[in-house]
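Protein chains: 2
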Amino acid sequence: MWILRINATNLSYKLEEVPEKYKYLYGRALTSQMIYDEVPPLCHALGPNNKLVFSAGMVTGTVSPTSARISVGGKSPLTGGIKEANAGTAWGPDLAKMRIRALVLEGQPVDVKAYAGAVIKWDGEKPVVEFFNATEYTGKDVYDIYPDIFEKFGPKVSIASMGVVSEMGYSNSGIVFNDMHRRPSRYAGRGGLGAVMASKRMKFIILDAKGAPGVEMVDKALFDEGRKKLIDAIRSHPISKPKGGLNSYGTAVLVNILNEAGGLPTRNFSAGRFEGAAKTSGEAIFETNKERMGKEIYNHACSPGCIIQCSNTYYNPDQTEATSCIEYESTWSLGANLGIDNLDDIATMNQLCNAYGLDTIETGGTLGVAMEAGVLEFGDSKGAIQLIHEMGKGSPLGRTLSGGTGTTGKIYGVKRVPAVKGQGMPAYEPRAVKGIGITYATTTMGADHTAGYTICPEILGVSGKLDPLSPEGKAALSRAFQATTAFIDSSGHCLFIAFPILDIASGFEGMIQECNGILGTNWDADAIVAYGAQTLRVERAFNEAAGLSKESDRIPEFMKTEPLPPHNQVFDIPDAALDSVFEDM
Amino acid sequence: MWILRINATNLSYKLEEVPEKYKYLYGRALTSQMIYDEVPPLCHALGPNNKLVFSAGMVTGTVSPTSARISVGGKSPLTGGIKEANAGTAWGPDLAKMRIRALVLEGQPVDVKAYAGAVIKWDGEKPVVEFFNATEYTGKDVYDIYPDIFEKFGPKVSIASMGVVSEMGYSNSGIVFNDMHRRPSRYAGRGGLGAVMASKRMKFIILDAKGAPGVEMVDKALFDEGRKKLIDAIRSHPISKPKGGLNSYGTAVLVNILNEAGGLPTRNFSAGRFEGAAKTSGEAIFETNKERMGKEIYNHACSPGCIIQCSNTYYNPDQTEATSCIEYESTWSLGANLGIDNLDDIATMNQLCNAYGLDTIETGGTLGVAMEAGVLEFGDSKGAIQLIHEMGKGSPLGRTLSGGTGTTGKIYGVKRVPAVKGQGMPAYEPRAVKGIGITYATTTMGADHTAGYTICPEILGVSGKLDPLSPEGKAALSRAFQATTAFIDSSGHCLFIAFPILDIASGFEGMIQECNGILGTNWDADAIVAYGAQTLRVERAFNEAAGLSKESDRIPEFMKTEPLPPHNQVFDIPDAALDSVFEDM
């Protein structure tokens, strides 16, 4: 396997053998290690010394179920710390099939006006790279340019790109990959990595894996055994099974659940329950589609080999596609968080974010702060749509929102700013779900639910049931989830396999067997936690050297002083408990 | 003496005796200690838990020369760390004469629409406070409202206030005090303390010191002896004497000197020499005034008892006043830094900053970054004037610039951002004057020249002459200047007494004797350095608890990689040398 380095300074590339020290590092474990090894922690995130590292997971590119993830790492222009964002897309498997363990985009051209594209093909023995002038594709809606690229390079290529807001340097812009229907809709969205890609003046990285040899495997029988166990677990768990929660209602199935729990952040985190929640839920998406399309429509896979299939498509009254897909985080960030209950308007906003290249969570968080500042009223969905257009146009008003939730709070002098390390909080209220607050505070990523999804036991009853309002034992819980998650983000599985594998022991065993089968390792449950913890320690070391001290691992003051309805709780986890997450890692 | 606490939550106040632990703390030493003691380091700077502490210096309010300084302390919304900003104004002496050692503005009202004013008078035995509704004075040019306040409360009161940009929460807004001609022109400008005052909804703090008993003194003879020595030193040094450098040309006398040294930051710190520098210099101000007014005009005092008298007034062709005064930092930040050489336009911008409540240094730094981003062209003075109006109006475009130099850089994705801890750099280039770069990097204040003015030996030949381009010994130099400065900021003397007292030993002795005479202490030179160092340690401890680690004590990456013309030097001070400043404190 190779490390492929693309030098943006002069559009050259080279292949290197994977060094021994990276032998077992894949996905997030590798992107974070390479960023730690190669990027000066205090460099400017949009300067020549930052790098982007793309790496697929251990099992990505195989027939392992629900495992087509691609990790992207770099120094984040949003948080100033390390970032790994990942997405489900054929791009990940294609990279893995060409045996490119890591693709490193480095350097920076002097000419800031010209953008390039890179096409990576398999020449029979190794990957080769060709470059082309992509300047004509800048300044445009990514939905308008993807068809051209597929036409030019063939319908089976995979495309990584970013939108116009990345070209403008917005720190709330993501890197986009194609979904199974060639939509530019699968975002490695968080932390502004789109702006890093744009700062390299690289508009596209296109993978044409035709003829590629595929993923090597040490023990295929063991892999197959594990795969079967994992498939069985996924197919039997109520959340992940066919026509189960995710396949029927998508991730937006969580809206009603969190609202019931009083943990659905509403109107910029001023309440935990939204009177219009049901109208924005996964069930509402399902029912609206049923009414408009005249039949029940179950969800589809975002990427090859997914058997959970949680991606919805939301349809207009005229049966045309409005957007695909509306995730829980998006229907919340652009819905309850803004006091908006109009699903059609949420769909419009979601699609605009995708088209312009904006992270939906950060965009919603930013709009919430802007509403708090009085830029527009909570509930004004037409105004919110217009504000997203302003962001996409780069107008002065749009620019005020380009720095994300934390920076927008600073610019408008707002006191209620739901962000950690400058990154806006996702759709779970720390005052109502204490464990997730610990994850937000302490993860190396800035406020991020996926980094340690304690919602499983705190809300969903997965892997047991804990009282979400209790602070007891939550630091250890978050730590365990963070370490395990760092492993899953390296294995290449979608995080949603967590639901079945946490409840079904054979599924968990199957996931490990898959990895052992591919790598020839002999890992057990302890080993994968240790693997994840090592990744976290590396990320933490980068952040410390970048100036993020333990005082950065704190929940904003207002959550410690303002009780949140309906439970009227504050965030009461002591600082010492927050610090214990990494002290005990 | 008292500590006077004004509670903005309910417009009440109380007087407390000065506790023993604060016995010798005045000015910056006291504001920083009280912020450390009373403000949670991670509180929101514009929230109810931040405080503003006003304290005059040890000798302020006496007949000591050039000593009418007022320190204002708080947590900075710009840097997130501790802040002390000071100004020369009768307000300082008036506070001291009423024997108010510290005035603490704390709390926050629930009603965000109503602003109050406070009037502090002497009732024969103690200070008393009356409050009035000041809402009618909000949203206005401070030059329009000061005359009304003087009319209402008498021509001899002193007024602290802030401008419209503070009311909008801008983190580049200052607190303004009146000068000797009742102009609202003396700013404690840096770090956004104006926004903190506005967040308390306190529009004015007015001092009416009529009948106040004045400053107590333990040993008047010693004080008088010291005072005479200090006066003699000030009056004999070429920089500070009557019709000397400062009295003739103001602080802007530095323009040609720094330009000659290649250390005048030009066009957003892309060069160290500006072809239009001479047109923006103190000499140019002097000559323009002479031509327009038909006579030589020497400068005036900003505050009572100043014998240096460095404040200029700049006149229009029709002999009306354009602005007073144009400091070196302002003619640079709004001049060379923007590629602007039109003094009339610089004067207009300077006056607009004063009228709206903006820090001129931060405004110029911000505009420089905006020009780098292409918002307008370098040299476009009419466009720059318009941008300041946009800031004052709070338009979307103005809002993009409200977060100061660092935040504006983030919003526009700019790589060349001359800021430390988010605060814009003043008028000395770290690559051409290495010692001042160490001060910028390591001071607790964010980039700040006044915190350790190594320009004295590096450029001016005061207290010896050092090569500005050499890194040798500069960490120790900055440390010594920072500690001594922290003492001077506590004594109440203007920092400009540094020129005479560093060169004339009896002047230095005189300054210490003044303080010993007032306090009954027996300090020597070592004692005042120790006093200053203790203040710095307290500030540093606050900053660490606020999340500013040693990685915050760094010069921006571009200065370490881009050589600066004309010397083609980078900033080459090792991190270990930067760290040694506080390690050895």
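Taken in sequence, the protein lines are chains W and A. The opening residue of the first sequence carries number 1 in the numbering used here; numbering runs sequentially from there. The opening residue of the second sequence carries number 1001 in the numbering used here; numbering runs sequentially from there. Yeah, the Cβ is synthetic: ideal placement off N, Cα and C, and Gly gets one too.
Item                                                                                                                                                                 : Value
Does the beta carbon of residue 542(W) come closer than 9 Å to any beta carbon on chain A?                                                                           : no
So which residues on chain W does residue 1038(A) lean against when the C-beta distance must stay under 8 Å?                                                         : Correct list: empty, because the minimum Cβ distance to chain W is about 15 Å.
Would DSSP call residue 542(W) helix, strand or coil?                                                                                                                : helix
Which residues in the same chain have their Cβ closer than 7 Å to the Cβ of residue 341(W), if we skip the five residues on either side of it in sequence?           : 276, 279, 280, 335
Quick one: which chain A residues come within Cβ less than 7 Å of residue 415(W)?                                                                                    : 1044, 1046, 1047
According to DSSP, residue 349(W) sits in a beta bridge with which residue or residues?                                                                              : Beta-bridge pairing links residue 349(W) to no other residue.
Hey, does residue 1548(A) have any beta-carbon neighbour from chain W nearer than 9 Å?                                                                               : yes
Taking DSSP's pairing of strands, which residues face residue 1088(A) in a bridge?                                                                                   : 1069(A)
How many angstroms separate the CA atom of residue 53(W) from the CA atom of residue 1483(A)?                                                                        : 45 Å
Is the region 213 to 228 of chain W touching the region 132 to 140 of chain W, taking contact as three or more C-beta pairs under 8 Å?                               : no
DSSP on residue 391(W), reduced to helix/strand/coil?                                                                                                                : helix
Using CA coordinates, which residue listed in 8(W), 377(W), 312(W) is at the minimum distance from residue 350(W)?                                                   : 312(W)
For residue 411(W), go through chain A and note every residue whose CB falls closer than 7 Å to its CB, in chain order.                                              : 1399, 1402, 1403, 1407
Give a yes or no on whether the minimum CB-CB distance between residue 267(W) and chain A is below 9 Å.                                                              : no
State yes or no: is the beta carbon of residue 107(W) nearer than 9 Å to at least one beta carbon in chain A?                                                        : no
Take residue 1015(A) as the anchor and find which of 1522(A), 1489(A), 1120(A), 1314(A) has the nearest alpha-carbon.                                                : 1120(A)
May I ask you to report which of helix, strand or coil DSSP gives residue 147(W)?                                                                                    : helix
Indicate whether residue 185(W) and residue 306(W) have their beta-carbon atoms separated by less than 9 Å.                                                          : no
Can you check whether the CB of residue 1499(A) is closer than 9 Å to the CB of residue 1285(A)?                                                                     : no
Closer than 8 Å by beta-carbon distance: list the chain W residues that pair up with residue 1169(A), in chain order.                                                : 412, 413, 414
Under 9 Å, Cβ to Cβ, is there at least one residue of chain A near residue 552(W)?                                                                                   : yes
Please say whether residue 1542(A) and residue 1233(A) have beta carbons closer to each other than 9 Å?                                                              : no
Check the C-beta distance from residue 459(W) over to residue 261(W) and give it rounded, since I have them as a contact under 8 Å.                                  : 6 Å
Could you give the distance in angstroms between the alpha-carbon of residue 595(W) and the alpha-carbon of residue 400(W)?                                          : No statement about residue 595(W) is possible, as the shown extent of chain W runs from 1 to 585 and does not include it.
According to DSSP, is residue 1554(A) helix, strand or coil?                                                                                                         : coil
Is the beta carbon of residue 1427(A) sitting closer than 9 Å to the one on residue 1556(A)?                                                                         : no
Could you tell me the distance, in whole angstroms, from the CA atom of residue 310(W) to the CA atom of residue 69(W)?                                              : 15 Å
Quick check on residue 1576(A): does DSSP put it in helix, strand or coil?                                                                                           : helix
Give the residues of chain A in contact with residue 557(W), contact being defined as C-beta atoms less than 9 Å apart.                                              : 1040, 1042, 1043, 1044, 1047, 1049
Okay, do the region 90 to 101 of chain W and the region 163 to 176 of chain W touch, 3+ Cβ pairs below 8 Å being the bar?                                            : no
Under the three-state reduction of DSSP, which class applies to residue 1460(A): helix, strand or coil?                                                              : helix
Check for me: the beta strand (DSSP E) holding residue 1120(A) runs from which residue to which?                                                                     : 1116 to 1122
Using a Cβ-Cβ cutoff of less than 7 Å, which residues in the same chain neighbour residue 394(W) once the five nearest sequence positions on both sides are dropped? : 168
Does the distance from the CB of residue 1548(A) to the CB of residue 1415(A) come in under 9 Å?                                                                     : no
Using a Cβ-Cβ cut-off of less than 9 Å, list which residues of the region 137 to 151 of chain W approach chain A; keep chain order.                                  : none
Starting from residue 396(W), find everything on chain A with Cβ-Cβ shorter than 9 Å and list it in chain order.                                                     : 1375, 1390, 1395, 1396, 1397, 1398, 1399, 1400
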